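Chains as they are written, first to last, in the numbering used here: chain A, 4 to 211; chain B, 4 to 211.
Here it is in structure tokens:
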């Protein structure tokens, strides 16, 4: 199990500080979508330069031009790039093609996918590396939780590994670990913690 | 009817040259998604600085964190920001809230939306400015055409204006103009033309 920290709202400088503080606990540093919209691929390049041993995920949430957009992220140094499960099959397949070329990985973000079980089966057959259930930030306040969706994906996948994102915190991580996932994504519970290094270490301790 | 040129794959320098060449023909300059993934909001700022009279659309294809991400684009100077029709309602409503705050506009990109008629009705009631039918770049080679989808949207909308994107060219523009749309988006047919200024002028001449 890998711990991914989602870096969304901090400055680049503060992200680098956080990655230094949490060294040894964080396996994957996520350049979040809001960060990409503001800065493009610069944070990907900076993370890779300063922390060559940490995997970098570019949360580009690709919806079209899969090959071209994934290639842009891999060229910048991303190890993993996200594509939306809601996109056309051709877009996912294009991104997988780019991943093969650059020896990178594709994570499919299942955010807002309605027919989760059916779509997971389809996508699992396309050669992607991770299928990530994701409770949208915009609906987290409704109390929605990604655990039930994780169970569906785990039951269905035969090739890809599962991943889980969206409001994961210390009080919910054990149930997720019990259910099983290749990657657990944590955002606010680390980034907004009083003691970020301790929070990350504690999270990592709960993983298997 | 407004003519929007989608700037996706050119360098920033070349985009500025194109906007200079096509002055008077282009109403809206689109900073395309691949461009945002590479450069973030820099092209939005540059377009606005050099061409204050041309509207700038940031094709962020927002899927989550609607208010935050739309705000980022409006702050950078975007006049219009795109949000995916496949996103959760909360995301669209968050982006509309940001648009009101910054006196900007929201365009919903209906790319890969399966239940187009039903979803258009729902989104039309949310206070968005444009609902854009969009044949994905990744499926254009299959011969798919956005005209049929435009007819569905035009039949259903009561508040928003329609827009159309995806492989629009001189041979297909008249049927689209006949059907009617608030914005017609053209990419390759202008950007990859031998004579870009002429191509844009010719396109504009076909609009009403």
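Think of the CB as a built atom: it goes at the ideal place given N, C-alpha and C, for glycine as much as any other residue. Note that this is a predicted model, so its numbers are computed, not measured.
What residue range does the beta strand (DSSP E) around residue i cover?
i                      : result
residue 137 of chain A : 133-137
residue 165 of chain B : 164-168
residue 151 of chain B : Taken as a continuous stretch (DSSP letters only), residue 151 of chain B belongs to no beta strand (DSSP E), being part of the alpha helix (DSSP H) at 150-159.
Across which residues does DSSP place residue i in a beta bridge pair?
i                      : result
residue 110 of chain A : A/85 and A/133
residue 33 of chain A  : A/9 and A/60
residue 189 of chain A : A/8
residue 65 of chain B  : B/86
In whole angstroms, what is the alpha-carbon distance linking residue i and residue j?
i                      : j                      : result
residue 95 of chain B  : residue 6 of chain B   : 24 Å
residue 108 of chain B : residue 79 of chain B  : 14 Å
residue 165 of chain A : residue 10 of chain A  : 20 Å
residue 167 of chain B : residue 186 of chain B : 7 Å
residue 63 of chain A  : residue 35 of chain B  : 13 Å
residue 197 of chain A : residue 28 of chain A  : 16 Å
residue 162 of chain A : residue 24 of chain B  : 51 Å
residue 287 of chain A : residue 102 of chain B : Nothing about residue 287 of chain A can be read from this structure; chain A reaches only from 4 to 211.
residue 69 of chain A  : residue 81 of chain A  : 15 Å
residue 179 of chain B : residue 60 of chain B  : 21 Å
residue 205 of chain A : residue 146 of chain A : 23 Å
residue 26 of chain B  : residue 54 of chain A  : 45 Å
residue 76 of chain B  : residue 50 of chain B  : 13 Å
residue 207 of chain B : residue 21 of chain B  : 15 Å
residue 93 of chain A  : residue 141 of chain B : 6 Å
residue 32 of chain B  : residue 73 of chain B  : 17 Å
residue 132 of chain A : residue 209 of chain B : 46 Å
residue 100 of chain B : residue 39 of chain A  : 21 Å
residue 8 of chain B   : residue 160 of chain A : 41 Å
residue 91 of chain B  : residue 97 of chain B  : 10 Å
residue 71 of chain A  : residue 71 of chain B  : 26 Å
residue 184 of chain A : residue 195 of chain A : 24 Å
residue 19 of chain B  : residue 57 of chain B  : 12 Å
residue 201 of chain A : residue 83 of chain B  : 42 Å
residue 190 of chain B : residue 173 of chain B : 12 Å
residue 3 of chain A   : residue 30 of chain B  : Outside the shown range of chain A, which is 4 to 211, sits residue 3 of chain A, and nothing can be said about it.
residue 203 of chain B : residue 52 of chain B  : 22 Å
Sorted by chain position, which residues of the same chain lie with C-beta nearer than 7 Å to residue i's C-beta, five sequence neighbours on each side aside?
i                      : result
residue 170 of chain B : 138 and 143
residue 12 of chain B  : 37
residue 211 of chain B : 4 and 180
residue 124 of chain B : 159
residue 177 of chain B : 209
Closer than 8 Å by C-beta to residue i: which residues in its own chain qualify, once you throw out the five before and the five after it? Chain order, please.
i                      : result
residue 135 of chain B : 85, 110, 111, 112, 113, 165, 166, 167, 168, 186 and 188
residue 182 of chain A : 150, 153, 154 and 157
residue 42 of chain A  : 15
residue 175 of chain A : 148 and 150
residue 119 of chain A : 113, 136, 152, 155 and 156
residue 199 of chain B : 21, 24, 25 and 193
residue 129 of chain A : 92, 95, 96 and 99
At what residues does the alpha helix (DSSP H) containing residue i begin and finish?
i                      : result
residue 144 of chain B : Element bounds for residue 144 of chain B: n/a, residue is neither H nor E.
residue 46 of chain B  : 45-53
residue 203 of chain A : 199-209
residue 20 of chain A  : 15-24
residue 178 of chain A : 173-182
residue 99 of chain A  : 92-105
residue 117 of chain A : Per DSSP, residue 117 of chain A belongs to no alpha helix (DSSP H) and is neither H nor E.
Less than 6 Å between C-beta atoms, sequence neighbours within five positions excluded: which residues of the same chain meet that for residue i?
i                      : result
residue 122 of chain A : 88 and 116
residue 47 of chain A  : 34, 59, 61, 79, 80 and 81
residue 105 of chain A : 77
residue 44 of chain B  : 79
residue 66 of chain B  : 87 and 90
>> Tell me which residues of the stretch 132-143 of chain B have at least one Cβ-Cβ distance to chain A shorter than 9 Å, keeping chain order.
In response: 137, 139, 140, 141 and 142
>> Using a Cβ-Cβ cutoff of 7 Å, what residues of the stretch 86-115 of chain A are near chain B? List them in chain order.
In response: Hits within the stretch, in order: 87, 89, 90, 91, 93, 94, 97, 114 and 115.
>> Under 8 Å, CB to CB, which of the residues in the stretch 33-60 of chain B have a partner in chain A?
In response: 36, 37, 39, 40, 41, 42, 43, 44 and 45
> Along the stretch 7-29 of chain A, what residues have a CB closer than 9 Å to any CB found in chain B?
Replying inline: 11 and 12
> At a Cβ cut of 9 Å, what residues of the stretch 59-77 of chain B count as close to chain A, listed as they run along the chain?
Replying inline: Within the stretch 59-77 of chain B, the qualifying residues are 61, 63, 64, 65, 66, 67, 68, 69, 70, 71, 72, 75 and 76.
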